[in-house]
C-alpha cells in the first residue's frame, strides 16, 4: 500500500465528497466551501492510497500568518493506516515553505484520537472554549451599531482577550487575538461598535447556516440584538457564540436569551515555532 499526498484538483470533487460522507456522520460542508478554499492561501491536500484519494486536509494561512489546519478527513476504510499522518507531514512541509510562525487546529475536548494525532506532530493542548447556539428570531430591528476600523477594536484588546481567552472564533476557526487578526476582521466587515458596545461577528463560509459571535463587550444585550439583526438580514439559521469557559456571567446571559449549550466544548491544539 503506497500513501502519497498532492494538491486537490477539480477531478477529485466527487471522491472528496465520498471521503467526507464516510468520515463524519453530519455537517457535510465540503461542497459548500470548495470554491472558497481554493481562493485562500494554503493547500487543499488529498491523500491517496495506490493513486486513489482516501483522505483530505486543508491548511489555511490566517491574518497573522499562522497556519490553520482544517477539514482533516480520512475515509473509515483507510483509517489507522497512516493516511492522517501523511496529511500532517504535508501540513508541516507547507508550514516550513510558508514560514508560518504557528500552527493550530481545534477538536472536541473528548476527541482523543484527533488530539493524539496532533500531539504526534508537536501540537500541544491549548485553551478550551464553550459554545452556545440559538435560532435566529423572525423579527429584529437595527440597533445603531456600525462597522468600525481595526484601530477602535485594538484599543480594547485587553478586554477582548479577557472575554475570549485570547482567540476569536468564526466558523470554529480560532484566530489568535492580535492586531493583525483585528485588521483582517475589520477588512472582512466583522467589527461593529457604537459607544461602549463592541460586537465581533461574522461567517467565513456557509453564512446561511450560522452567524458566529466571537466577542461582545459593553452593553451585551445591544450587541446581541445587533447580531440577531445581522443573522436575520443575512438569512442565517442560528447564532453561535464562543467564549472562554470561565465566563460564567456570559454563559448565564446567553441562557437567559434563548441560547443552549452545544454538544461539546472545544480545545485548540497549537504548535509555536521555536
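In the numbering used here, the protein residues as written are 449 to 722.
For every residue, glycine included, the Cβ atom is placed at its ideal position computed from N, Cα and C.
Remember, predicted model here, so these are calculated numbers, not experimental data.
Annotation: the segment 631–664 contains the following complete segments of the beta strand (DSSP E) (minimum length 3 residues), in chain order: 639–642, 645–650. Judged by their CB atoms, residue 691 and residue 629 are not nearer to each other than the 8 Å cut-off. For residue 672, the closest alpha carbon among the candidates 534, 468, 556, 589 is that of 589. The beta carbon of residue 526 sits closer than 8 Å to the beta carbons of 497, 502, 503 from its chain, once the five residues preceding and following it are set aside; these are given in chain order.
The continuous beta strand (DSSP E) containing residue 505 extends over residues 500–509. The continuous alpha helix (DSSP H) containing residue 701 extends over residues 696–704. Annotated three-state conformation of residue 486 is coil, per DSSP. Taking C-beta atoms as the reference points, residue 648 and residue 658 fail to come closer than 8 Å. Using a C-beta cut-off of 8 Å, the segment 575–585 makes no contact with the segment 637–644, since fewer than three inter-stretch Cβ pairs fall below that distance.
Counting C-beta atoms within 10 angstroms of its own C-beta, residue 720 has fewer than 16 neighbours from the protein chains shown and is therefore classed as exposed. Only residues of its own chain outside the window of five on either side were considered, and among them 490, 507, 508, 509, 539, 542, 543, 546, 548, 550, 551, 552 have a CB closer than 8 Å to the CB of residue 515, listed in chain order. Taking residue 619 as reference, the option from 599, 701, 475 with the minimal CA-CA separation is 475. Residue environment for residue 484: exposed (fewer than 16 other C-beta atoms within 10 angstroms of its C-beta). For residue 537, the enclosing alpha helix (DSSP H) begins and ends at 531–546.
Within 10 angstroms of the beta-carbon of residue 558 lie fewer than 16 other beta-carbons, which makes it exposed.
When Cβ pairs closer than 8 Å are counted between the two stretches, the segment 570–582 is seen to touch the segment 684–699, the count reaching three or more.
DSSP places residue 514 outside both helix and strand once states are collapsed to three, so it counts as coil. For residue 712, there is no enclosing beta strand (DSSP E), as DSSP marks it with neither H nor E. By the neighbour-count definition (other C-beta atoms within 10 Å, threshold 16), residue 617 is a buried residue.
The segment 593–634 is shown to contain whole alpha helix (DSSP H) runs of 4 or more residues at 598–602, 605–612, in chain order. It is roughly 4 Å from the alpha-carbon of residue 453 to the alpha-carbon of residue 495.
Sequence-distant partners of residue 568 (beyond 5 residues in either direction) whose C-beta falls short of 8 Å from its own C-beta, in its chain, are 533, 536. Looking at 622, 656, 713, 668, the one whose alpha-carbon comes closest to that of residue 681 is 656.
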